[in-house]
Ligand SMILES: Cc1cc2nc3c(=O)[nH]c(=O)nc-3n(C[C@H](O)[C@H](O)[C@H](O)COP(=O)(O)O)c2cc1C
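Residue numbers (our numbering): 14 to 194.
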């Protein structure tokens with residue numbers, strides 16, 4: 014699928030068919046994540062592929078009042094993205110900018126690659142950020158020094174959501190100086 018078309022036609026999917034997703038397909042979307050750019054190529058991301066129903070149910074419990082909770086419980090696969098801290102945004106062991114640890118940025122780049130690749134293969138995803146990350150780290154035995162950033166269900170869509178509106182370019186783009194159109 015052409016990149017621009019994939020970007021524009023991807024939607025957050027919160028209802029999934031029970032149809033299985035094979036390991037080869039999961040590897041394909043992880044491969045897209047693996048090729049994302051990262052701070053000095055530090056690749057701080059780590060991915061946990063969850064297929065076990067009881068673990069998915071435990072993960073879903075960490076999403077409170079979140080419309081994606083059932084998707085995490087019911088999708089055939091959930092991919093949880095973690096980051097090693099102290100890598101992205103660092104130079105010679107010191108924070109290198111005034112923005113601290115850039116792990117959220119690098120993981121977001123990888124996960125957006127992943128969701129676009131999934132969409133190009135006919136699979137649905139939704140970036141899920143609102144959950145109890147400490148509880149998830151406990152459930153998945155994520156070691157000290159790593160942070161759970163986000164998760165996405167992965168499976169064949171069982172809905173066709175309408176596109177959500179986006180701001181127009183004139184609302185978000187300035188020329189030469191902030192505010193100048
Ligand atoms: C960083 C991030 C966190 C998000 N967290 C959640 C979430 O916890 N639950 C949820 O249902 N959707 C979540 N979303 C999905 C957004 O609500 C969705 O992308 C947005 O409404 C635009 O819709 P679209 O993805 O269909 O274009 C998240 C998206 C991003 C980028």
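Positions of the beta carbon are idealized from the N, C-alpha and C atoms, including for glycine.
Here the structure is a predicted model, which means the values were calculated and not measured.
Handout entry: Beta-carbon spacing of residue 47, residue 69 below 9 Å
Key = no
Problem - Per DSSP, the bridge partner or partners of residue 137 - result: 168
Practice task
Have a look at the DSSP bridge pairing and note the partners of residue 159.
Solution key: 97
Problem - Assumed close pair residue 39, residue 90 - CB separation to whole angstroms, cut-off 8 Å - result: Indeed they touch by this definition, with Cβ atoms about 6 Å apart.
Practice task
Answer yes or no: do residue 75 and residue 183 have a C-beta to C-beta separation smaller than 9 Å?
Solution key: no
Problem - Under the three-state DSSP convention, the category residue 144 falls into - result: Residue state, collapsed to three classes: coil.
Practice task
Alpha carbon to alpha carbon, how far is residue 190 from residue 130? Give it in angstroms, no decimals.
Solution key: 35 Å
Exercise for the section: Have a look at residue 94 and residue 64 and give me their C-alpha separation to the nearest angstrom. Expected result: 15 Å
Handout entry: Whole-number beta carbon distance between residue 55 and residue 100, since they are thought to touch under 8 Å
Key = 4 Å
Handout entry: Sequence-distant residues of its chain with Cβ nearer than 6 Å to residue 18 (five each side left out)
Key = none
Exercise for the section: Could you check which residue in 192, 102, 164, 170 has the C-alpha nearest to that of residue 60? Expected result: 164
Handout entry: Straight-line Cα distance separating residue 138 from residue 30
Key = 12 Å
Practice task
Please report the Cβ distance between residue 96 and residue 58, rounded to the nearest whole angstrom; I am assuming they are in contact, meaning their Cβ atoms lie under 8 Å.
Solution key: 6 Å
Problem - Option nearest residue 152 by Cα separation, candidates 35, 50, 26, 66 - result: From the listed residues 35, 50, 26, 66, the smallest Cα separation to residue 152 is found for 66.
Problem - Beta-carbon gap between residue 167 and residue 45 smaller than 9 Å - result: no
Practice task
Tell whether a beta-carbon distance below 9 Å holds between residue 25 and residue 178.
Solution key: no
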